[in-house]
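A short worksheet on the structure shown next.
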Amino acid sequence: MEYVSQRIKAMAPSATLAMSQKSNELKARGVDVINLSVGEPDFNTPQHIKEAAEKAIRENFTFYSPVPGYMSLRKAIAEKLHNENGLLYAPEQIVVSNGAKQALCNVILSCINPGDEVIIPTPAWVSYVEMVKLAEGINVTVPATIEADFKITPQQLESAITPKTRMVLICSPSNPTGSVYSKEELQGLVDVIKKYPDIIVLADEIYEHINFTGKFTSVGSFPEIADRTVIINGVSKAYAMTGWRVGFCAAPLWLAKAVNKLQGQYTSGCSSIAQKAAEAAYTGSQECVEMMRQAFERRRNLIVRLAGEIPGIKVNKPEGAFYLFPEVSSFLGKSHGDFKIENSGDLAMYLLEEAHVATVDGAAFCLPGYIRLSYATSDDNIVEAMRRIKEALAKLS
Ligand code: PMP
Ligand code: GLU
32 MEYVSQRIKA MAPSATLAMS QKSNELKARG VDVINLSVGE PDFNTPQHIK
82 EAAEKAIREN FTFYSPVPGY MSLRKAIAEK LHNENGLLYA PEQIVVSNGA
132 KQALCNVILS CINPGDEVII PTPAWVSYVE MVKLAEGINV TVPATIEADF
182 KITPQQLESA ITPKTRMVLI CSPSNPTGSV YSKEELQGLV DVIKKYPDII
232 VLADEIYEHI NFTGKFTSVG SFPEIADRTV IINGVSKAYA MTGWRVGFCA
282 APLWLAKAVN KLQGQYTSGC SSIAQKAAEA AYTGSQECVE MMRQAFERRR
332 NLIVRLAGEI PGIKVNKPEG AFYLFPEVSS FLGKSHGDFK IENSGDLAMY
382 LLEEAHVATV DGAAFCLPGY IRLSYATSDD NIVEAMRRIK EALAKLS
């Protein structure tokens with residue numbers, strides 16, 4: 032007998048992880064696939080962080096940690112938020128979780144009642160809408176166009192607000208577009224939100240350090256809304272620690288307490304060893320972060336230049352994260368051999384099978400007609416992947 036709950040039946044699987052798995056399966060069968068699907072730094076975790084984990088094992092940090100994380104880690108995070116972002120959160124307002132992913136889901140499940148509306152600017156990372164569905168909330172997507180550099184305007188935000196709006200989500204730098212809201216652009220959104228005191232702002236700042244604008248403004252730094260802003264961040268992207276699974280929320284105390292209760296019933300504190308590694312990441316030298324940022328900026332310049340040489344695709348210039356989100360609608364309706372391209376999902380499959388390059392369908396990010404390329408890979412892989420994509424696209428007619 033198979034019996035899957037409606038809740039899980041209604042959930043879409045993560046397209047980023049699914050495409051990456053497909054690419055790994057092809058690789059295991061001996062196919063030379065270049066994986067531009069999943070978004071994770073290709074660097075190894077820096078040595079001093081790994082050594083902190085080894086030390087943690089030797090020193091027997093092997094017992095349950097407190098549910099919201101070790102106090103020493105929460106203090107290190109509070110200091111990071113203060114020193115780097117100018118934010119005042121006490122350690123008690125911070126809950127460490129299994130990656131930014133769990134931190135986000137914890138906050139959504141802790142705030143959203145059935146029927147509450149969550150405003151999500153799109154294109155948006157694959158998991159937000161599914162988390163809101165899990166909480167039985169209503170996704171209110173607000174579309175941003177490539178012409179607007181994939182950013183929404185204050186007017187768009189205001190017209191999406193209703194008496195049922197409980198939360199506004201802001202992801203900057205953005206997955207999947209790499210767009211970064213400037214301080215002035217954020218101020219425009221804040222000027223709207225401040226008029227609606229019941230709205231919580233959920234700011235996903237996981238790509239904070241992968242930023243090519245030279246400055247980063249945290250959504251938490253606007254005093255008008257600071258007491259109802261939740262910051263999500265973690266070590267996955269900045270310190271090349273995706274597998275360690277450490278992220279956090281910094282939230283109003285009442286919400287941190289609710290998240291703590293939820294996490295205490297369903298996962299407990301995250302890995303004790305990974306927490307000690309994360310503490311070393313936050314308190315140790317930050318040179319590794321800048322070194323990786325520079326590599327991503329160089330690769331951004333490379334992929335944008337190469338994409339510009341491919342007829343039929345249109346790109347913006349991403350200012351952060353490690354994604355390019357080209358518009359590919361000029362290929363819809365075309366075909367090559369048995370391949371007929373009816374939508375951007377077909378195009379992503381065509382690129383996988385014909386060019387052996389794994390990408391993700393823009394529809395997974397709520398914007399069909401686009402695909403996402405992750406350039407968190409070597410310069411050589413980027414050059415070869417773009418050569419293959421150009422060749423495969425040229426065959427479509
Ligand atoms: N938010 C965004 C926008 C992301 O791209 C990711 C990447 N998985 C996450 C959150 C989750 O990060 P983590 O690996 O820390 O769970
Ligand atoms: N955030 C990455 C991505 O978008 C990792 C995979 C995931 O968790 O979705 O590809």
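For the sequence shown, our numbering gives the first residue as 32, with consecutive numbering after it.
Ideal Cβ placement from N, Cα and C applies to all residues, glycine included.
All of these numbers come straight from a predicted model, not from anything done at the bench.
With contacts defined by Cβ atoms closer than 8 Å, Glu167 and Pro145 form a contacting pair. Residue range 231-235 is occupied by the beta strand (DSSP E) that includes Asp235. In the three-state DSSP reduction, His113 falls in the helix class (H, G or I).
The closest heavy atom of the ligand GLU lies less than 7 Å from the beta carbon of Leu48.
Check the Cα spacing between Thr244 and each of Glu328, Ser54, Asn116, Glu385: the tightest is with Glu328. In terms of Cβ geometry, Gly265 and Val98 do not form a close pair [threshold 8 Å].
Ser103 sits in a helix when the DSSP states are folded into three classes. Counting along the chain, Phe279 sits inside the beta strand (DSSP E) bounded by residues 278-281. If one requires a minimum length of 3 residues, no beta strand (DSSP E) run lies completely within the stretch 313-345.
By the Cβ criterion, the stretch 197-206 is in contact with the stretch 147-157, since at least three pairs of Cβ atoms, one from each stretch, lie closer than 8 Å.
In terms of Cβ geometry, Ile304 and Pro357 do not form a close pair [threshold 8 Å]. In this chain, the beta strand (DSSP E) harbouring Gly265 covers 260-265.
Sequence-distant Cβ neighbours of Ala109 in its own chain, meaning closer than 7 Å and more than five residues away, are Tyr120, Ala121, Pro122, Ile125. The Cβ atoms of Ala131 and Ile263 sit closer than 8 Å to each other.
Residue pairing from DSSP places Met198 in a beta bridge opposite Val149, Ile231.
For Ile65, DSSP records a beta bridge to Val388. Boundaries of the beta strand (DSSP E) harbouring Asn170: 169-174, taken from the DSSP string. Cβ-Cβ separation between Gly100 and Gly300: approximately 6 Å, consistent with a contact (criterion under 8 Å). Comparing C-alpha distances from Ala84 to each of Ala386, Val250, Val277 shows the shortest one belongs to Val277. For Lys371, DSSP records a beta bridge to Ser366.
With fewer than 16 other Cβ atoms inside 10 Å of its own Cβ, Asn332 counts as exposed. Only residues of its own chain outside the window of five on either side were considered, and among them Ala83, Tyr101, Ser103, Leu104, Ala107 have a CB closer than 8 Å to the CB of Glu310, listed in chain order.
By alpha-carbon distance to Ser158, the top candidate from Asn137, Gly343, Thr176 is Asn137. Short note on Lys132: C-beta closer than 7 Å to some heavy atom of the ligand GLU. The Cβ atoms of Thr208 and Asn66 do not sit closer than 8 Å to each other. Counting only the Cα atoms, Ala326 lies some 9 Å from Ala407. With a threshold of 7 Å, the Cβ atom of Asn144 does not count as near the ligand GLU, since no heavy atom of the ligand is closer than that.
At least one heavy atom of the ligand GLU lies closer than 7 Å to the C-beta of Val157. As DSSP reads the structure, Gly351 sits in a beta bridge with Asn242. Straight-line measurement puts the Cα of Phe92 at about 34 Å from the Cα of Arg259. In chain order, Glu161 place their CB closer than 7 Å to the CB of Ala43, counting only its own chain and leaving out the 5 sequence neighbours on each side.
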